[in-house]
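Enquirer:
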Amino acid sequence: MTEAIQIDHLSYTYPDATHPALADVSLDIAQGEWVAIIGHNGSGKSTLAKNINGLLAPTSGQVTVAGLPLTEENIWDIRAKVGIVFQNPDNQFVGATVGDDVAFGLENRGMPRDEMIVRVDDALEQVNMSAFSSREPARLSGGQKQRVAIAGIIAQRPDIIILDEATSMLDPAGRLEVLQLIQALRERQSLTVLSITHDIDEAASADRVIILNDGAIKESGTPAEIFARGPELIELGLDVPFAERLKHALISRGINMPAHYLDEEGLVNYLWTLHSTM
Amino acid sequence: MNKLILGRYIPGDSWIHQLDPRTKLLASFYYIGIIFLANDWKSYLVMTLATFFMIWLSKVKLGFFLRGVRPMLWLILFTVLLQVFFTTGGKVYWQWGWLAITQFGLSNGAFIFMRFVLIIFISTLLTLTTQPLSLADAVESLLRPLRVLHVPVTELALVLQIALRFVPTLMDQTTKIMNAQRARGVDFGSGNLFQQMKAVVPLLIPLFVDSFSIAEDLATAMDARGYQGGDGRSKFRVLKYHRRDGVAAAGMIVLTGLLLLLRA
Numbered sequence: 001m002t003e004a005i006q007i008d009h010l011s012y013t014y015p016d017a018t019h020p021a022l023a024d025v026s027l028d029i030a031q032g033e034w035v036a037i038i039g040h041n042g043s044g045k046s047t048l049a050k051n052i053n054g055l056l057a058p059t060s061g062q063v064t065v066a067g068l069p070l071t072e073e074n075i076w077d078i079r080a081k082v083g084i085v086f087q088n089p090d091n092q093f094v095g096a097t098v099g100d101d102v103a104f105g106l107e108n109r110g111m112p113r114d115e116m117i118v119r120v121d122d123a124l125e126q127v128n129m130s131a132f133s134s135r136e137p138a139r140l141s142g143g144q145k146q147r148v149a150i151a152g153i154i155a156q157r158p159d160i161i162i163l164d165e166a167t168s169m170l171d172p173a174g175r176l177e178v179l180q181l182i183q184a185l186r187e188r189q190s191l192t193v194l195s196i197t198h199d200i201d202e203a204a205s206a207d208r209v210i211i212l213n214d215g216a217i218k219e220s221g222t223p224a225e226i227f228a229r230g231p232e233l234i235e236l237g238l239d240v241p242f243a244e245r246l247k248h249a250l251i252s253r254g255i256n257m258p259a260h261y262l263d264e265e266g267l268v269n270y271l272w273t274l275h276s277t278m
Numbered sequence: 001m002n003k004l005i006l007g008r009y010i011p012g013d014s015w016i017h018q019l020d021p022r023t024k025l026l027a028s029f030y031y032i033g034i035i036f037l038a039n040d041w042k043s044y045l046v047m048t049l050a051t052f053f054m055i056w057l058s059k060v061k062l063g064f065f066l067r068g069v070r071p072m073l074w075l076i077l078f079t080v081l082l083q084v085f086f087t088t089g090g091k092v093y094w095q096w097g098w099l100a101i102t103q104f105g106l107s108n109g110a111f112i113f114m115r116f117v118l119i120i121f122i123s124t125l126l127t128l129t130t131q132p133l134s135l136a137d138a139v140e141s142l143l144r145p146l147r148v149l150h151v152p153v154t155e156l157a158l159v160l161q162i163a164l165r166f167v168p169t170l171m172d173q174t175t176k177i178m179n180a181q182r183a184r185g186v187d188f189g190s191g192n193l194f195q196q197m198k199a200v201v202p203l204l205i206p207l208f209v210d211s212f213s214i215a216e217d218l219a220t221a222m223d224a225r226g227y228q229g230g231d232g233r234s235k236f237r238v239l240k241y242h243r244r245d246g247v248a249a250a251g252m253i254v255l256t257g258l259l260l261l262l263r264a
């Protein structure tokens, strides 16, 4: 399996900051992998995302995306391969209508109009927004705008999608909808997903979770490995999934629970067997 | 805000609605130009009939057009009265010192009145039947020849498009900030002029700062989606002339001919 993103000793310091936002970060992400990066506010998550597609230039270190080293010359090739969905759906909506916005990235690449129409229709179909093609952004809900933003990215057919807190301004239903959409897309094509999030359920659905703390990688592992360290996570200013919290509440009431991480289904199964033995 | 008819769009699919926005824009300017050709009651009658025919074609209620005239009413009356009292010639009906109502004065007043109303009707017709977005497209397309003179037409078009797209967003934001400041005790729209002006500051500055942060987010998002400037971009939305646009142009030529024939 090839590496979609290779980050080699990356450091980044903002122009007038005293501390580096990222310090010596090394990270490999395989093609088709879903990696979630979690960390408290100001831990350098967004800075990392912007370093991957060259919106920020690393102070030191090297980033390689799909075999291309990130340099001045091939920055646009890399941006064609990496799509970022940002946090605020309102502020990333460029087009005057939904169709225009989805087409924006394609227009930038000078794609012929016939092909563009096919791609825009297809992308809107995938996010279930076909009926809204000529709507203006002011008349859409936050979740719908975010789906349009995702359509704008998938129309460009990128290899890598970065979700930079893309679900943070949505209600629980909208959040779930967006995550299911990304999951479905990933099943259809070999898509690498890097999701930067505060949402613990989003992190739980990833293949790998990376904890970023003060600009450095603190921990990396499967969600099960990471979430098993419940109290440690809370100390880092993070949350743990509901099942984990319930497990700790039960332990504090003297009920014997396994040390490893249980998801909701696992927890239900465990409690059920626990009950039947009593 | 809702009282202002000029600049509003009434959705529809009438013959006029379906015209190419470039045709509508050019025809409106042309029409306003030829209104000045009319100079007697016959030519004004032709223009009035033509205007009402177009309004009928647009299937928009006449009430919208009348409301469009309302904000301009005082200006119209003022101009008409000036014309009536200060034009001399023809039969004198009434005189007091240097003020006189004369035959020419009355007819001039009536013509000026018609001219105002027709110009407002036709510009209201343009904005009622054309989406702001299509108008922006039309402006871009019509300005395109200026690229020879190194006018950055595509950039201007993008600026226009983004500005139009953010009008409702910024309006919402304004309302939000106003309410937030009201909740903190700011009193908008009361007191003397100076106090009112001072009350606007807590609205204006956050709005200004907000615009900067939106601009930055938007620029980042555009960059990330591969925007490299106006050159080498293709277009998703294109305008096409149809047969009806030819019909509209022919209509304008016939109207001009008729006017030239009839005018005194």
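As given, the protein sequences belong to chains A and B, one line each in that order.
First residue of the first sequence? That's 1 in the UniProt record's numbering, and the numbers climb one at a time after it.
First residue of the second sequence? That's 1 in the UniProt record's numbering, and the numbers climb one at a time after it.
Cβ coordinates follow ideal geometry from the N, Cα and C atoms, glycine included.
Quantities reported herein were computed from a predicted structural model and do not represent experimental measurements.
Taking the Cβ atom as the reference point for each residue, do residue 112 of chain B and residue 83 of chain B lie within a distance shorter than 7 angstroms?
Expert: In this structure, residue 83 of chain B lies closer than 7 angstroms to residue 112 of chain B by Cβ.
Enquirer: Return the bridge partner residues of residue 102 of chain B from the DSSP annotation.
Expert: In DSSP, residue 102 of chain B forms a bridge with B/92.
Enquirer: Between residue 227 of chain A and chain B, is there a C-beta pair that is closer than 7 angstroms?
Expert: Output row for residue 227 of chain A: interface = no.
Enquirer: Helix or strand or just coil, what does DSSP make of residue 248 of chain A?
Expert: If DSSP states are grouped into helix, strand and coil, residue 248 of chain A belongs with the helices.
Enquirer: Would you verify that the beta carbon of residue 138 of chain A is, or is not, closer than 7 angstroms to some beta carbon of chain B?
Expert: Yes, because at least one Cβ of chain B sits closer than 7 angstroms to the Cβ of residue 138 of chain A.
Enquirer: Relative to the alpha-carbon of residue 154 of chain B, which residue among B/168, B/167, B/169 and B/138 has its alpha-carbon at the smallest distance?
Expert: The shortest C-alpha separation from residue 154 of chain B is found at B/138.
Enquirer: So residue 25 of chain A packs on residue 206 of chain A, CB below 8 angstroms; how close in whole Å?
Expert: Incorrect: roughly 18 angstroms between the Cβ atoms, too far for contact.
Enquirer: Compare the Cα-Cα distances from residue 88 of chain B to each of B/79, B/96 and B/101 and report the closest residue.
Expert: Ranking B/79, B/96 and B/101 by Cα distance to residue 88 of chain B puts B/101 first.
Enquirer: Return yes when the Cβ of residue 137 of chain A is within less than 7 angstroms of the Cβ of residue 93 of chain A, no when it is not.
Expert: Yes, these two residues count as a Cβ contact at 7 angstroms.
Enquirer: My assumption, with CB atoms under 8 angstroms, is that residue 25 of chain B sits in contact with residue 126 of chain B. Please give the rounded CB distance.
Expert: Their Cβ separation, rounded to whole angstroms, is 7 angstroms, which keeps residue 25 of chain B and residue 126 of chain B in contact under 8 angstroms.
Enquirer: Give me the Cβ distance between residue 59 of chain B and residue 14 of chain B, rounded to the nearest whole Å; I'm assuming they're in contact under 8 angstroms.
Expert: Yes, they are in contact, since the Cβ atoms of residue 59 of chain B and residue 14 of chain B sit about 4 angstroms apart, within 8 angstroms.
Enquirer: Does the count of Cβ pairs from the region 170-182 of chain A and the region 9-18 of chain A closer than 8 angstroms reach three?
Expert: No: fewer than three Cβ pairs fall under 8 angstroms.
Enquirer: Beta strand (DSSP E) containing residue 213 of chain A: first to last residue?
Expert: Here the beta strand (DSSP E) through residue 213 of chain A covers 208-213.
Enquirer: Taking contact to mean at least 3 C-beta pairs separated by less than 8 angstroms, is the region 77-84 of chain A in contact with the region 241-254 of chain A?
Expert: Segments in contact, no.
Enquirer: Could you tell me how far apart the beta carbons of residue 203 of chain A and residue 263 of chain A are, in whole angstroms, since I believe they sit closer than 8 angstroms?
Expert: Contact flag wrong, Cβ pair sits at about 12 angstroms.
Enquirer: For the ligand SAM, is there any heavy atom lying closer than 6 angstroms to the beta carbon of residue 264 of chain A?
Expert: This structure does not include the ligand SAM; it has no bound ligands of any sort.
Enquirer: From the beta carbon of residue 226 of chain B, is the nearest beta carbon of chain A less than 7 angstroms away?
Expert: Yes, residue 226 of chain B counts as interfacial toward chain A.
Enquirer: Can you name the residues of chain B whose CB is closer than 8 angstroms to the CB of residue 178 of chain A?
Expert: What residue 178 of chain A touches in chain B: nothing, since even the nearest Cβ is about 17 angstroms away.
Enquirer: Please list the partners that residue 169 of chain B has in chain A, where partner means a Cβ-to-Cβ separation under 9 angstroms.
Expert: Those are 90, 91, 93, 137 and 138, listed as they occur along chain A.
Enquirer: Could you spell out the range, first to last residue, of the beta strand (DSSP E) harbouring residue 194 of chain A?
Expert: Per DSSP, residue 194 of chain A belongs to the beta strand (DSSP E) from 192-196.
Enquirer: Along the chain, where does the beta strand (DSSP E) containing residue 67 of chain A start, and where does it finish?
Expert: First-last for residue 67 of chain A: undefined, no H or E at that position.
Enquirer: If I'm right that residue 50 of chain B touches residue 255 of chain B with Cβ under 8 angstroms, what's the distance once you round it to whole angstroms?
Expert: Rounded, the Cβ-Cβ distance is 6 angstroms, consistent with contact.
Enquirer: Is it buried or exposed for residue 166 of chain B, if we count other Cβ within 10 angstroms and need 16 for buried?
Expert: So residue 166 of chain B counts as buried.
Enquirer: What does DSSP give as the partner residue(s) for residue 35 of chain A in the beta ladder?
Expert: DSSP output for residue 35 of chain A lists A/194 and A/208 as bridge partner(s).
Enquirer: Which residues of chain A have a Cβ atom closer than 7 angstroms to the Cβ of residue 233 of chain B, listed in chain order?
Expert: Residues of chain A passing the Cβ test: 107, 108 and 110.
Enquirer: Taking all protein chains shown into account, do 16 or more other C-beta atoms lie within 10 angstroms of the C-beta of residue 45 of chain A, making it buried, or fewer, making it exposed?
Expert: Residue 45 of chain A comes out buried.
Enquirer: Could you tell me which of A/13, A/29, A/21 and A/15 sits nearest to residue 159 of chain A, measuring between CA atoms?
Expert: Nearest option by C-alpha distance: A/29.
Enquirer: Less than 8 angstroms between the CB atoms is what I'm expecting for residue 108 of chain A and residue 44 of chain B, so what's the real figure, rounded?
Expert: With 8 angstroms as the limit, residue 108 of chain A and residue 44 of chain B do not qualify as a contact, their Cβ atoms being about 52 angstroms apart.
Enquirer: Let's test the definition: count the other Cβ atoms within 10 Å of the Cβ of residue 132 of chain A and tell me whether it reaches 16, buried, or not, exposed.
Expert: Residue 132 of chain A comes out buried.
Enquirer: Using the Cα positions of residue 65 of chain A and residue 74 of chain A, report the straight-line distance between them to the nearest angstrom.
Expert: Computed Cα separation, rounded: 10 angstroms.
Enquirer: Exposed or buried, what is residue 269 of chain A when buried is set at 16 or more other beta-carbons lying within 10 Å of its beta-carbon?
Expert: Its Cβ having fewer than 16 others within 10 Å, residue 269 of chain A is exposed.
Enquirer: Just to confirm before moving on: does the CB-CB distance between residue 238 of chain A and residue 38 of chain A stay below 7 angstroms?
Expert: Contact: yes.
Enquirer: Any Cβ of chain A within less than 7 angstroms of the Cβ of residue 157 of chain B?
Expert: It does not; no Cβ of chain A falls within 7 angstroms.
Enquirer: Take residue 30 of chain B and list the residues in its own chain whose beta-carbon comes closer than 8 angstroms to its own, dropping the five residues that flank it on each side.
Expert: Same-chain partners within the cutoff: 252.
Enquirer: When the distance is taken between beta carbons, is residue 199 of chain A closer than 7 angstroms to residue 167 of chain A?
Expert: Yes.
Enquirer: What's the C-alpha gap between residue 211 of chain A and residue 43 of chain A?
Expert: C-alpha separation (whole angstroms): 9 angstroms.
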